[in-house]
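Peer 1:
Residue numbers (this note's numbering): 351 to 445.
1. Rounded to whole angstroms, what is the Cα-Cα separation between residue 425 and residue 414?
2. For residue 391, I'd like the list of residues in its chain whose CB is within less than 8 Å of its CB, leaving aside the five on either flank, ordered along the chain.
3. Output the boundary residues of the alpha helix (DSSP H) element that contains residue 444.
4. Helix, strand or coil: how does DSSP classify residue 386 here?
5. Which two residues bound the contiguous beta strand (DSSP E) that contains residue 397?
Below you can see the structure in the form of structure tokens.
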């Protein structure tokens with residue numbers, strides 16, 4: 351136990367509910383964000399540092415209804431095709 355009576359043995363991980371109805375829990379690795387792409391909603395785990403890549407930021411802006419107020423609540427859903435997103439990930443890796 352620590353000074354405040356807290357145990358240091360607990361491990362914390364980030365979990366997100368995919369839907370309240372079925373309460374399915376999805377693990378997200380530390381340093382990554384889940385991104386759902388295309389009509390089929392293919393799930394990617396994208397490194398947080400890729401969020402600073404200009405093309406990635408442009409995709410996020412396109413997915414938000416009000417471009418003046420970008421506030422993401424819930425999963426990031428991008429409207430582009432998965433093939434295009436795969437190319438953007440390759441470019442972001444080199445950025």
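We put the CB at the ideal spot given by N, CA and C, even for glycine.
Peer 2: On the basis of the data shown:
1. Straight-line Cα distance between these residues: approximately 12 Å.
2. Excluding residues up to 5 positions away in sequence, 427 lie with their Cβ nearer than 8 Å to the Cβ of residue 391 in the same chain.
3. For residue 444, the enclosing alpha helix (DSSP H) begins and ends at 432-444.
4. The answer is strand: DSSP assigns residue 386 an E or B state.
5. Taken as a continuous stretch (DSSP letters only), the beta strand (DSSP E) holding residue 397 covers 392-397.
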